[in-house]
Amino acid sequence: MFNGKQFIYILEDESFVCITSADNLQCMTTKCSDLFAGGIFNHAPKYTTQLYTIHGFKNGYYLPLICIKKIEKAAHQAASKVFEDVQLISCRFHLGHSWWRKINSDSVLRLAYKKR
Numbered sequence: 001m002f003n004g005k006q007f008i009y010i011l012e013d014e015s016f017v018c019i020t021s022a023d024n025l026q027c028m029t030t031k032c033s034d035l036f037a038g039g040i041f042n043h044a045p046k047y048t049t050q051l052y053t054i055h056g057f058k059n060g061y062y063l064p065l066i067c068i069k070k071i072e073k074a075a076h077q078a079a080s081k082v083f084e085d086v087q088l089i090s091c092r093f094h095l096g097h098s099w100w101r102k103i104n105s106d107s108v109l110r111l112a113y114k115k116r
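Going left to right, the sequence shown walks through residues 1 to 116 as the numbering used here numbers them.
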């Protein structure tokens, strides 16, 4: 609790930690014209794999509304569940990173890639 209000939300399996407030969630869902989300790996806090943030555009300013420790796929699934008509656009870096993980996790794909 901070100032008598909840600001940390954790899923039961502890795979998702979200730091925000009810006021920020309301601002994000009703008062912001655009939302921007992105993550970083190299400068994430200790014991986290990625720091993911969501900023809202309101009255000419970008406001940090949510800070999440989670992977992008889960963030997309959560956004699709909460915002039914949301248009999600990923960056090429994450797409390429996802493909690279898939190639390296499958011996047939890995061998085919190395032969190219």
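We treat Cβ as the ideally placed atom computed from N, Cα and C, and that holds for glycine.
Quick caveat: nothing in here was measured; it's all calculated off a predicted structure.
Open item on the list: Per DSSP, what are the beta-bridge partners of H55 in this structure?
Closed with: DSSP lists F36 and P64 as partners of H55.
Open item on the list: Just to confirm, is the Cβ distance from A37 to Y61 under 9 angstroms?
Closed with: No. Outside cutoff.
- [ ] With DSSP collapsed to three states, give me the class of D85.
- [x] Looking at D85 - three-state DSSP - the assignment turns out to be coil, as it is neither helix nor strand.
Open item on the list: My output table needs one value for R116: the three-state DSSP class, helix, strand or coil.
Closed with: The three-state reading of DSSP puts R116 in coil, since its state is none of H, G, I, E or B.
Task: Proximal residues to W100 (C-beta, below 8 angstroms), its chain only, five neighbours per side dropped - done: Nothing meets the Cβ criterion.
Task: Cβ neighbours of R110 in the same chain (closer than 8 angstroms, five flanking residues each side left out) - done: The residues are I103 and N104.
Task: D106 in three-state terms, based on DSSP - done: Of the three classes helix, strand and coil, the one that applies to D106 here is coil, per DSSP.
TODO: Have a look at M28 and L63 and give me their C-alpha separation to the nearest angstrom.
DONE: Distance between the alpha carbons of M28 and L63: 9 angstroms.
- [ ] Just tell me which of S98, H97, A112 and L25 has its CA closest to the CA of K5.
- [x] Closest by alpha carbon: L25.
Open item on the list: Contact defined as beta carbons within less than 8 angstroms: I believe K132 pairs with C18. What is the distance between those atoms, to the nearest angstrom?
Closed with: In the structure as shown, the chain starts at 1 and stops at 116, and residue 132 therefore has no counterpart that could be examined.
- [ ] Would you decide whether G96 is buried or exposed? Buried here means 16 or more other CB atoms lie within 10 Å of its CB.
- [x] By the neighbour-count rule (16 or more Cβ atoms within 10 Å), G96 is not buried but exposed.
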